[in-house]
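Here is the structure we will look at, set down as structure tokens.
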Amino acid sequence: MDNPFAFLITQLFELYIYIILIRFFLQAFRADFYNPISQFAVKATNPVLVPLRKIIPGFAGLDISSLIFAYAVNVLKWIALQSLGFVSVGSMLTLVLFSLVELMHLTLGLFIFLAFIRVILSWVSPGGYNPMVMVIMQLTDPLFRPFQRILPPMGGLDLSPILMFMVLFFARSAIAYYIYPLVFSVT
Numbered sequence: 175m176d177n178p179f180a181f182l183i184t185q186l187f188e189l190y191i192y193i194i195l196i197r198f199f200l201q202a203f204r205a206d207f208y209n210p211i212s213q214f215a216v217k218a219t220n221p222v223l224v225p226l227r228k229i230i231p232g233f234a235g236l237d238i239s240s241l242i243f244a245y246a247v248n249v250l251k252w253i254a255l256q257s258l259g260f261v262s263v264g265s266m267l268t269l270v271l272f273s274l275v276e277l278m279h280l281t282l283g284l285f286i287f288l289a290f291i292r293v294i295l296s297w298v299s300p301g302g303y304n305p306m307v308m309v310i311m312q313l314t315d316p317l318f319r320p321f322q323r324i325l326p327p328m329g330g331l332d333l334s335p336i337l338m339f340m341v342l343f344f345a346r347s348a349i350a351y352y353i354y355p356l357v358f359s360v361t
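Next comes the structure, spelled out in structure tokens:
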């Protein structure tokens, strides 16, 4: 998107989608909800999620209404961009499928960003307490654990993030390379 207004609209919608996804993962990973950062995510999403939860219940400890809300905001983003003439998504089926795949792509991007911040913070401020650091650690610990089992720290050096980044970037590029074209070929 070369248009600066399309870029701005996309970034604003995606920022809110990231907040909704953080809210989902805070609950899924049982993070501290009394943390100020967690409270921000809760307050930013509660006006829609509280009524939505009355209609869509959770399942297996997961807040399904948060995922549906994030998906709906993503669909609205593309409808807004298409109605303003910035993009042409095509049929409604393409829009629905593309928004679902893009939500997976955005989720992987969120975890790549959070993991990168965590790695940088481990170099800059190891062991320091900060509410933001605690939330990032609580959100990324479930992601780091499997890779730390495969590649445990050696001599005080943890190389597992390298393996984790390789897997996350592979998954993200596989979505872009294989699934996006598949979605657009459906119509």
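Residue numbers (our numbering): 175 to 361.
Using N, Cα and C, we set each Cβ at its ideal position, and we do this for glycine too.
Keep in mind the model is a prediction, meaning the values are calculated, not measured.
Applying the 10 Å Cβ sphere with the 16-neighbour rule, what's the burial state of Trp-252? buried
Within the same chain, show all residues whose beta-carbon is closer than 7 Å to that of Leu-271, passing over the 5 residues directly before and after it, in chain order. Val-357, Val-360
What residues in its chain sit with their C-beta under 6 Å from that of Ala-345, if we drop five residues either side in the sequence? Leu-282
Going residue by residue through the segment 268-343, where are the continuous alpha helix (DSSP H) segments of at least 4 residues, counting only ones entirely within it? 305-324
Consult DSSP for Leu-195 and reduce its assignment to one of helix, strand or coil. helix
Can you tell me which residues form a DSSP beta bridge with Leu-236? Phe-233
Supposed close pair Thr-219, Ile-191 - CB separation, criterion 8 Å: Going by Cβ atoms, the distance from Thr-219 to Ile-191 rounds to 11 Å, so no, they are not a contact pair.
What would DSSP say about Ala-205, mapped onto helix, strand or coil? coil
Helix, strand or coil: how does DSSP classify Tyr-258 here? Checking the displayed sequence, the identity of residue 258 turns out to be Leu instead of Tyr. Correct three-state label for Leu-258: coil.
Looking at the structure shown, is Asn-248 part of a helix, part of a strand, or coil, going by DSSP? helix
Do the segment 324-335 and the segment 217-237 make contact, defined as three or more Cβ pairs closer than 8 Å? no
Assuming Val-263 is part of the alpha helix (DSSP H), what are its boundary residues? Segment: none, Val-263 is in no alpha helix (DSSP H) and carries neither H nor E.
Whose C-alpha, out of Glu-188, Val-341, Met-308, Arg-204, is nearest the C-alpha of Ile-443? Missing from the structure shown is residue 443; the chain here goes from 175 to 361 and no further.
Excluding the 5 residues preceding and the 5 following Asn-209 in the sequence, name in chain order all residues of the same chain whose CB lies nearer than 7 Å to its CB. Pro-305, Met-308, Val-309
Could you pull the start and end residues of the alpha helix (DSSP H) that Tyr-354 belongs to? 354-360
When burial is assigned at 16 or more other CB atoms within 10 Å of the CB, is Ala-350 buried or exposed? exposed
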